[in-house]
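What follows is a single structure, written as structure tokens, with notes after it.
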Amino acid sequence: MNAFRPSRHGSRRPRVSFEFFPPKNEEMEVNLWDSVRRLEPLGPAFVSVTYGAGGSTRERTHNTVKRMIDETGLKPAAHLTCVSASCAEVDEVIRSYWAAGVRHIVALRGDPAGGLGTPYEPHPQGYHQTSDLVEGIRRIGEFEVTVSAYPEKHPEAASLDADIDALKKKVDAGATRAITQFFFDNDVYFRYLDKVRASGIDIPILPGIVPVQNFKQTAGFARRTGASVPQWLADRFEGLEDDPATRRLVAAAVCAEQVLDLIDRGVSDLHFYTMNKADLVYAICHLVGLKPEKTQAQQVAAE
Ligand code: FAD
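In the working numbering, the protein residues as written are 105 to 407.
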């Protein structure tokens, strides 16, 4: 029997959003903007720009979102962390985002200053937890606030239930959307979603999709963040360490399989961790029916 597959009929074209990180040097800057320009015509709901914990990318994040506002038709969300900073310092960043025209913040605590695995020490004059930061942002301006969610539990959380309680506090403080840590087994996401909904949280929980550009690097990152790497995924990349061309094709196939399954199971919004690389994400978007629209600059040129 042939089951109906919405992903094959364009009846469920998803909304997408893309995450970028701020560039460290000129070469990375060129690469970022090439990727932004390539993905912009796909009409993402928003794009987000990460923020180095402790403010290490403060200027770069600000400059990147400002340029997106000034030079593109994209709606950027600026990430912000509260680790190692006083409330006054964080508030100043929030006000500078507002002044630059940013109206959407991804609010995060940030990893402990001593590194992952070390105990988290809130700044004595700082926001103690992410829900406090969400409240602080909402006090300053009419921002849309997105937060993180962890289908396999944040490594510091005592249990998945405790983690969902923390998410609930962030929602009660004013967050209206969550983006998940990446995962590879879609059942993990759907089981988590069931628990989240059962706890009374009704905001959209966007699955965070990571295209596996480099398996070793992704697996290392997964280990540190508590995301599991199924054996079948490792098997698919095994033996391709010195074969980047095949690796890219396999990465595209793996990501396509995951995304198509999410859409067939009713997911309407997807968030891609682009790593500032457009090609694979562009191909996956094309596969699910997202075709280029005219960018603002192209529309102006045509008029
Ligand atoms: P929180 O919601 O603050 O906490 C997650 C869980 O850990 C909760 O269950 C909470 O109760 C528990 N917890 C928190 N503190 C403690 C504690 N002291 N003791 C016990 N349990 C505790 N990091 C960056 O630096 N910059 C970014 O731009 C960035 N973007 C991200 C985007 C997404 C979508 C995601 C998923 C993560 C991102 N991170 C980023 C990583 C994030 O900062 C770390 O995972 C950080 O360790 C937790 O912050 P949080 O706001 O995600 O989690």
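Ideal Cβ placement from N, Cα and C applies to all residues, glycine included. Given the structure is predicted, the values throughout are model-derived calculations rather than measurements.
- Secondary structure in the segment 221 to 251: the alpha helix (DSSP H) runs of 4 residues or longer, each lying completely within the stretch, are 234 to 244 in chain order.
- A straight line joining the alpha-carbon of Leu271 with that of Ala406 spans about 46 Å.
- Of all alpha-carbon atoms in Glu133, Val153, Tyr231, the one lying nearest the alpha-carbon of Ala277 is that of Tyr231.
- Less than 8 Å divides the Cβ of Phe341 from the Cβ of Arg351.
- Taking 8 Å as the cut-off, the Cβ atoms of Ser252 and Gln285 count as close.
- By the 16-neighbour rule on beta-carbons within 10 angstroms, Phe122 is buried.
- For Thr185, the CB falls within less than 7 Å of some heavy atom of the ligand FAD.
- Under DSSP, Pro180 forms a beta bridge with Val151.
- Shown here, Phe287 sits in coil according to DSSP, grouped into three states, outside any helix or strand.
- With 16 or more other Cβ atoms from the protein chains shown falling within 10 Å of its own Cβ, Phe150 counts as buried.
- Residue burial annotation: Arg164 is buried, with at least 16 other C-beta atoms found within 10 angstroms of its C-beta.
- Closest in alpha carbon position to Ala189, among Gly158, Arg207, Asp365, is Gly158.
- Put simply, the segment 133 to 147 touches the segment 385 to 399. At least three CB pairs are less than 8 Å apart.
- A direct Cα-to-Cα measurement between Leu344 and Ile198 gives close to 44 Å.
- In the DSSP assignment, His375 is bridged to Ser121, Gly312.
- Rounded to whole angstroms, the separation of the alpha carbons of Glu131 and Asn167 is 16 Å.
- With a cutoff of 7 Å, Ser188 does not count as near the ligand FAD, since its C-beta is closer than that to no heavy atom of the ligand.
- Contact between Val120 and Phe287 does not hold, since the beta-carbon distance rounds to 17 Å and is not under 8 Å.
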